[in-house]
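Trainee:
Numbering (full-length UniProt numbering), first residue to last: 1 to 97.
1) Report, in whole angstroms, the separation of the C-beta atoms of residue 39 and residue 8, which I expect to be a contact under 8 Å.
2) Do residue 24 and residue 32 have their CB atoms nearer than 7 Å?
3) Pick helix, strand or coil for residue 96, following the three-state DSSP scheme.
4) For the alpha helix (DSSP H) holding residue 71, just list the boundary residues, first then last.
5) So, helix, strand or coil for residue 2, using DSSP?
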């Protein structure tokens, strides 16, 4: 089972308390220091992984905000019709307008 960040911190605190109270003999000191270094590396790696994941989330949010929302297309108004002058109509005897 993988050690969680919380478990690693708890173990580091336990090692620190033991070192502060001088209950660790010299022979055990090396092993505890090595274990502490391993736990610190694990915690750093977990923090970097979490930071990268959070950065990706915010980058995705920023990209979504940068994309303009598609605006609904308004109907294009038809160009104003120009009135064409009427050609005079001819009728039997003359021109009518």
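Glycine is no exception: its CB is placed at the ideal position from the N, C-alpha and C atoms.
Mentor: Once the coordinates are examined:
1) 5 Å
2) yes
3) At residue 96 the pLDDT is 49, less than 50, meaning the model places this residue with poor confidence and gives no usable figure here.
4) Run containing residue 71: none; DSSP gives neither H nor E here.
5) coil
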